[in-house]
Amino acid sequence: MPSPPGSPLFPPFGLLALALLPAFAAGQADGQAERAQAHPNILFLLSDDQASTALGCAGHPWLETPGMDLEGDALEARDLAGEPRYAGELASLRAVMDGLEAELGPRPSPSK
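In our numbering, the protein residues as written are 956 to 1067.
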(Lines of atoms letter the chains of each structure in order from A and count residues from 1; the text may use other names and numbers.)
(Lines give C-alpha, C1' and ligand atoms only; values in the text may rest on other atoms or scores of the structure.)
Protein backbone atom coordinates (compact mmCIF):
# COMPACT_ATOMS: atom_id res chain seq x y z
CA MET A 1 0.00 0.00 0.00
CA PRO A 2 1.47 3.42 -0.90
CA SER A 3 2.36 5.74 1.91
CA PRO A 4 0.02 8.72 2.44
CA PRO A 5 1.05 12.20 1.24
CA GLY A 6 3.04 14.12 3.83
CA SER A 7 4.68 11.04 5.34
CA PRO A 8 8.51 10.83 5.46
CA LEU A 9 8.51 8.27 2.64
CA PHE A 10 6.40 10.48 0.36
CA PRO A 11 7.30 14.15 0.75
CA PRO A 12 4.74 16.71 -0.49
CA PHE A 13 6.99 17.84 -3.32
CA GLY A 14 7.56 14.24 -4.46
CA LEU A 15 4.38 14.10 -6.52
CA LEU A 16 5.21 17.43 -8.15
CA ALA A 17 8.76 16.28 -8.96
CA LEU A 18 7.43 13.02 -10.37
CA ALA A 19 4.93 14.90 -12.56
CA LEU A 20 7.54 17.35 -13.87
CA LEU A 21 10.28 14.79 -14.56
CA PRO A 22 9.04 13.86 -18.09
CA ALA A 23 8.78 17.55 -19.01
CA PHE A 24 12.39 18.20 -17.95
CA ALA A 25 13.60 15.08 -19.75
CA ALA A 26 11.83 16.12 -22.97
CA GLY A 27 13.35 19.61 -22.76
CA GLN A 28 16.81 18.11 -22.27
CA ALA A 29 16.38 15.84 -25.31
CA ASP A 30 15.23 18.77 -27.47
CA GLY A 31 18.26 20.81 -26.44
CA GLN A 32 20.61 17.95 -27.28
CA ALA A 33 19.02 17.52 -30.70
CA GLU A 34 19.43 21.24 -31.45
CA ARG A 35 23.09 21.17 -30.41
CA ALA A 36 23.71 18.05 -32.51
CA GLN A 37 22.24 19.74 -35.60
CA ALA A 38 24.34 22.86 -35.06
CA HIS A 39 27.66 21.01 -35.40
CA PRO A 40 28.74 18.95 -38.43
CA ASN A 41 29.56 15.28 -38.08
CA ILE A 42 33.17 14.64 -39.05
CA LEU A 43 34.59 11.19 -39.69
CA PHE A 44 38.39 10.97 -39.58
CA LEU A 45 39.87 7.81 -41.13
CA LEU A 46 43.39 6.83 -40.13
CA SER A 47 45.23 3.77 -41.35
CA ASP A 48 48.44 3.57 -39.34
CA ASP A 49 49.76 0.23 -40.63
CA GLN A 50 50.13 1.38 -44.24
CA ALA A 51 53.16 2.68 -46.08
CA SER A 52 52.82 5.18 -48.91
CA THR A 53 53.70 2.36 -51.32
CA ALA A 54 50.75 0.27 -50.11
CA LEU A 55 47.88 2.61 -50.98
CA GLY A 56 46.19 3.13 -54.31
CA CYS A 57 45.32 6.71 -53.36
CA ALA A 58 49.06 7.41 -52.88
CA GLY A 59 49.76 6.47 -56.50
CA HIS A 60 50.53 2.74 -56.40
CA PRO A 61 50.22 1.53 -60.03
CA TRP A 62 48.21 -1.69 -59.52
CA LEU A 63 47.13 -1.85 -55.89
CA GLU A 64 43.44 -1.08 -55.35
CA THR A 65 42.34 0.22 -51.95
CA PRO A 66 38.69 1.21 -52.48
CA GLY A 67 38.10 1.79 -48.77
CA MET A 68 40.78 4.47 -48.69
CA ASP A 69 40.28 5.79 -52.24
CA LEU A 70 37.35 7.99 -51.32
CA GLU A 71 38.83 11.22 -52.63
CA GLY A 72 36.09 13.21 -54.29
CA ASP A 73 33.39 10.69 -53.37
CA ALA A 74 30.80 11.29 -50.71
CA LEU A 75 30.99 9.10 -47.64
CA GLU A 76 27.74 8.57 -45.83
CA ALA A 77 27.60 6.45 -42.71
CA ARG A 78 24.83 6.25 -40.16
CA ASP A 79 24.88 4.92 -36.62
CA LEU A 80 28.53 3.94 -36.56
CA ALA A 81 30.23 2.92 -33.37
CA GLY A 82 33.83 1.97 -32.87
CA GLU A 83 36.14 1.01 -30.11
CA PRO A 84 39.93 0.82 -29.76
CA ARG A 85 40.06 -2.97 -29.67
CA TYR A 86 43.30 -3.55 -31.58
CA ALA A 87 45.72 -1.40 -29.56
CA GLY A 88 47.16 -4.31 -27.56
CA GLU A 89 47.33 -6.51 -30.63
CA LEU A 90 49.30 -3.90 -32.61
CA ALA A 91 51.85 -3.49 -29.83
CA SER A 92 52.41 -7.26 -29.79
CA LEU A 93 52.62 -7.38 -33.57
CA ARG A 94 55.29 -4.66 -33.61
CA ALA A 95 57.36 -6.55 -31.03
CA VAL A 96 57.17 -9.73 -33.12
CA MET A 97 58.05 -7.91 -36.34
CA ASP A 98 61.06 -6.25 -34.71
CA GLY A 99 62.27 -9.65 -33.54
CA LEU A 100 61.82 -11.18 -36.98
CA GLU A 101 63.66 -8.34 -38.67
CA ALA A 102 66.53 -8.72 -36.22
CA GLU A 103 66.82 -12.44 -37.08
CA LEU A 104 65.96 -12.47 -40.79
CA GLY A 105 66.84 -8.97 -41.92
CA PRO A 106 64.46 -6.31 -43.24
CA ARG A 107 61.44 -7.31 -45.30
CA PRO A 108 61.70 -6.70 -49.04
CA SER A 109 59.69 -3.80 -50.39
CA PRO A 110 56.86 -4.58 -52.82
CA SER A 111 57.97 -4.77 -56.44
CA LYS A 112 56.50 -2.25 -58.83
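Don't be surprised by glycine CBs; every beta carbon is placed ideally from N, CA and C. Remember, it's a predicted structure, so these values are computed and weren't measured experimentally.
Only counting the same chain, and skipping five residues up and downstream in sequence, which positions put a Cβ closer than 6 Å to that of residue i?
i: G1011; result: L1018, E1019, T1020, D1024
i: E1058; result: none
By DSSP, does residue i sit in helix, in strand, or in coil?
i: L1059; result: helix
i: S1064; result: coil
i: T1008; result: helix
i: G1014; result: coil
Note down, in chain order, each residue of its chain lying with its Cβ closer than 8 Å to the Cβ of residue i, except the 5 sequence neighbours on either side.
i: G1054; result: none
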